[in-house]
Amino acid sequence: MQSINPNYENKSKTVRDVAYYVEGLHAGNRFILSECITLVESRSPSKRKIAKEILEKIKTPTSTIRIGITGTPGVGKSTFIEAFGMYLIQQGHRPSVLAIDPSSQSNMGSILGDKTRMQFLSTNENAYVRPTATGNILGGTAAYTKEAIQLCEAAGFDIIIVETVGVGQSETEVDFITDINLLLLQPGAGDDIQGIKRGIMENADIFVINKADGPQLQLAKQTKISYQTAIQLFHHDTDGWSCPVILASSTEKMGFDIIWKAIEDYKQLILKSGNFYTNRTEQEVRWFSMRSSALLQQLVFNQSDVKQFFEHFADAIRHEKISGSSALTEMELIFKKIIQN
4 MQSINPNYEN
14 KSKTVRDVAY
24 YVEGLHAGNR
34 FILSECITLV
44 ESRSPSKRKI
54 AKEILEKIKT
64 PTSTIRIGIT
74 GTPGVGKSTF
84 IEAFGMYLIQ
94 QGHRPSVLAI
104 DPSSQSNMGS
114 ILGDKTRMQF
124 LSTNENAYVR
134 PTATGNILGG
144 TAAYTKEAIQ
154 LCEAAGFDII
164 IVETVGVGQS
174 ETEVDFITDI
184 NLLLLQPGAG
194 DDIQGIKRGI
204 MENADIFVIN
214 KADGPQLQLA
224 KQTKISYQTA
234 IQLFHHDTDG
244 WSCPVILASS
254 TEKMGFDIIW
264 KAIEDYKQLI
274 LKSGNFYTNR
284 TEQEVRWFSM
294 RSSALLQQLV
304 FNQSDVKQFF
314 EHFADAIRHE
324 KISGSSALTE
334 MELIFKKIIQ
344 N
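Residue numbers (the numbering used here): 4 to 344.
(1) Please identify the residue among Lys224, Phe316, Phe259 whose C-alpha is closest to the C-alpha of Met334.
(2) Going by CA-CA distance only, name the one from Thr232, Gln271, Gln306 that's closest to Gly243.
(3) With distances taken from CA atoms, which of Thr148, Phe160, Asp240, Ile262 is nearest Leu185?
(4) Short of 6 Å in beta carbon distance, which residues of its chain neighbour His238, apart from the five on each side in sequence? Order them along the chain.
(5) Output the distance between the C-alpha atoms of Gly198 and Leu222, rounded to the nearest integer angstrom.
(6) According to DSSP, what are the bridge partners of Ala102?
(7) Check whether the Cβ atoms of Asp240 and Asn206 sit closer than 7 Å, and answer yes or no.
(8) Got a sec: is the Cβ-Cβ distance from Ile84 to anything in chain D below 7 Å?
(9) Can you give the beta carbon distance from Ser66 to Asp161, rounded, assuming they're within the 8 Å contact cut?
(10) Report the partner residues of Phe1 according to the DSSP bridge assignment.
(11) Can you find at least 3 beta carbon pairs, one from the stretch 53 to 73 and one from the stretch 150 to 165, that sit closer than 8 Å?
(12) Assuming Arg133 and Ser37 are in contact, meaning their beta carbons sit under 8 Å apart, how far apart are those beta carbons, in whole angstroms?
(13) Since Thr254 and Asp216 should fall inside the 8 Å C-beta cutoff, what is the C-beta to C-beta distance between them, to a whole number of angstroms?
(14) Below 8 Å, how does it come out for the stretch 295 to 303 and the stretch 273 to 287: are there three or more Cβ pairs, yes or no?
(15) Quick test of your reading: Leu154 and Leu28, contact by CB under 8 Å. State the CB separation rounded to the nearest angstrom.
(16) Would you identify the three-state DSSP class for Ser125, choosing helix, strand or coil?
(17) Can you look up Arg69 in the DSSP assignment and give me helix, strand or coil?
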């Protein structure tokens, strides 16, 4: 199938000096914020270098709160986030939404339609909405979501919402870049509990039964009881925290005050215990570890002899001349020789 508009030409914008971007961020300029995130996501070495310098110079406050929101497709994440974001603005906050869209595995394209689905929030001067494609990253987030969070915070947004792809049990990566995680659920308990399983439920700090209105209200109440029973089987990592299950309606703007109080209560609890700063530090260490592995892979496979060996073994596997495990053993010997030299 042909990609969307194959004749489209992407014209590169003029890249300014680092001071222009840093000053623009600290002034809260949303357009410069978008430019900075584009630089971070760029594959161009020169643009990536500028992005690195920007990240080193910006001031990222620790008074912010990073919220991950996940849930299966159809649960109404975008509608919920827009309504919740507008509620936060009314409370005097400046929310930023980093919406992760799934990418095509054939051409890495993505619809990036979240700004359309959040038309009121995305046009509000006190909010910022940025859709980002996952690329080939698993776990519900994009490759540079962490850096985008830092840029949004530097631009003065005090609440950063990360909306994950929403593909099921693999939606756990967001736990390593946020402070608190909300799991959105639909009315109808049994099938939901089976579909979500332990992976996401153990990572959730707050459970929200969305679409609790109209004819679904009674079903939502039953779902709440089912989840309250189910989460008793899990032990939360934060001592003294019992995960609340909250009914909410995006259309009727119901439940947002309870959700926000739960978020504030959880933040105060982890601030008091010291886990707030410890978690962010550990997230930084984990990011360093992951990027180091990616950098090592890039450096090794950029060597021509390694490429040749890899292509040789890959071709041999295709022609059934060698098994995958045997080829991997041979590659291991080649890697060890490179390290020793």
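Idealized CB from N, CA, C, for every residue including glycine.
This is what the structure holds:
(1) It is Phe316 whose Cα lies nearest to the Cα of Met334.
(2) Of the candidates Thr232, Gln271, Gln306, the one whose C-alpha sits nearest the C-alpha of Gly243 is Gln271.
(3) Measuring from the Cα of Leu185, the nearest candidate turns out to be Ile262.
(4) Within the same chain, His238 has no close Cβ partners at all.
(5) Unreliable placement is indicated for Gly198, whose pLDDT of 49 sits below 50; the coordinate value is still reported in the next sentence. Rounded to the nearest whole angstrom, the C-alpha separation of Gly198 and Leu222 is 18 Å.
(6) Answer is Pro134, Glu166, bridged to Ala102.
(7) Using a Cβ distance threshold of 7 Å, Asp240 and Asn206 do not count as a contacting pair.
(8) No chain D is present in this structure, which holds just one protein chain.
(9) Taking C-beta atoms under 8 Å as the contact rule, Ser66 and Asp161 qualify, at a distance of about 7 Å.
(10) The chain is shown only over 4 to 344; residue 1 falls outside these bounds and no answer can be derived.
(11) A contact is defined here as three or more CB-CB pairs under 8 Å, and the stretch 53 to 73 meets this definition with respect to the stretch 150 to 165.
(12) About 7 Å; that satisfies the 8 Å criterion.
(13) Taking the Cβ atoms as the reference, Thr254 lies roughly 6 Å from Asp216, within the contact range of under 8 Å.
(14) Result no; under three Cβ-Cβ pairs closer than 8 Å.
(15) Sure, about 7 Å apart at Cβ, within 8 Å.
(16) DSSP places Ser125 within a helical segment (H, G or I) once states are collapsed to three.
(17) If DSSP states are grouped into helix, strand and coil, Arg69 belongs with the strands.
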